[in-house]
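Counting in the working numbering, the sequence shown runs from 25 upward without gaps.
Ideal Cβ placement from N, Cα and C applies to all residues, glycine included.
First comes the structure, then the notes that go with it.
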Amino acid sequence: MNKKELFLNMMHFRHACKIFDETKVINDEDLDYLLEAFRLSPSSFGMEPWRLLVIADKKIKKDLKPLCWNQNQITTCSHLIVIKIDKKSVLDDEYIKKMFARRGLSEDATKAYIKRYKEFLKNQDISCWCKKQCYIAAANMMSAAAFIGIDSCPIEGFDKEEVERYFELDTKKEEIALILTFGYRLKAAPKKQRLSKNEFVTFLKGE
Ligand SMILES: Cc1cc2nc3c(=O)[nH]c(=O)nc-3n(C[C@H](O)[C@H](O)[C@H](O)COP(=O)(O)O)c2cc1C
């Protein structure tokens with residue numbers, strides 16, 4: 025199989041898995057690989073505004089299920105990953121300095137870069153800006169999983185306030201962006217339903 029076929033094969037394999045095989049557990053090495061795929065994801069200005077909670081514990085999953093529309097993925101998955109945004113850090117001078125310093129630029133260039141960053145942030149809804157980035161990393165993590173035969177389902181169907189309260193988050197500092205569930209499918213994936221390319225792609229012609 026060539027690289028394009030390999031990649032598209034992975035894209036076809038990935039589906040929103042509705043129920044996982046509870047007898048199958050993701051091993052530590054594979055879990056670490058998934059976390060590495062997340063870690064290597066791009067972020068705006070390289071600020072990595074995400075923090076993860078990794079949950080395998082049955083009791084926590086059981087507690088969370090009613091807060092997540094009673095979805096079966098929550099309790100049947102091997103691992104559940106809560107992606108949080110760290111609003112406090114991206115506005116914190118020490119954190120900002122640390123993240124920019126590691127680029128190894130001159131002092132002047134670093135100062136100019138930080139100035140641009142702060143100007144940029146003035147026009148952003150911070151929560152939304154952080155969350156958009158988490159979704160990119162989440163997609164990478166799910167693709168990485170599919171590449172080695174691990175199934176996933178992203179979960180937006182949850183009561184955000186209730187789940188944040190469950191984890192005792194100080195929502196001035198952090199919020200939940202998205203929940204991901206990982207494991208191994210119990211049933212075959214349904215047929216993919218997608219718009220055809222001509223329904224959503226427009227090729228603009230030059231002169
Ligand atoms: C941000 C996001 C949130 C989602 N939340 C849920 C969810 O809470 N429960 C669920 O069963 N599927 C959820 N999905 C899965 C979508 O319904 C699914 O990706 C879509 O129907 C396409 O199907 P496929 O992923 O199997 O190809 C979510 C997908 C995305 C991208």
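Same chain only: Cβ atoms within 6 Å of residue i, ignoring 5 sequence neighbours per side
| i | result |
| --- | --- |
| Cys154 | Pro73, Ile109 |
| Ala213 | His39 |
heavy atom of ligand 1 below 7 Å from residue i C-beta
| i | result |
| --- | --- |
| Gln157 | no |
| Ile179 | yes |
| Leu104 | no |
| Leu202 | yes |
| Ala170 | no |
| Ala40 | yes |
| Gln95 | yes |
| Lys216 | yes |
Beta-carbon spacing of residue i, residue j below 8 Å
| i | j | result |
| --- | --- | --- |
| Leu204 | Ile84 | no |
| Glu198 | Lys111 | yes |
| Cys41 | Ser176 | yes |
| Ile179 | Gln97 | yes |
| Ile174 | Tyr208 | yes |
Same chain only: Cβ atoms within 7 Å of residue i, ignoring 5 sequence neighbours per side
| i | result |
| --- | --- |
| Leu210 | Ile43, Phe44, Asp45 |
| Ala161 | Phe62, Ser65, Trp74 |
| Cys158 | Trp74, Ile107, Ile109, Ala201, Leu202 |
| Leu55 | His103 |
| Glu188 | Thr195, Glu199, Ile200 |
Residues that DSSP places opposite residue i in a beta bridge
| i | result |
| --- | --- |
| Ser176 | Ala40, Phe206 |
| Ile79 | Leu104 |
| Ile109 | Trp74, Glu199 |
Closest Cα partner of residue i within the set the options
| i | options | result |
| --- | --- | --- |
| Ala163 | Met34, Lys27, Asn26, Glu29 | Met34 |
| Arg140 | Val225, Cys101, Phe69, Arg218 | Phe69 |
| Ser67 | Ser220, Lys156, Lys82, Phe206 | Lys156 |
Contacts around residue i, its chain only, beta-carbon distance under 8 Å, and the 5 residues preceding and following it disregarded
| i | result |
| --- | --- |
| Leu76 | Leu59, Phe62, Ile105, Val106, Ile107, Lys108 |
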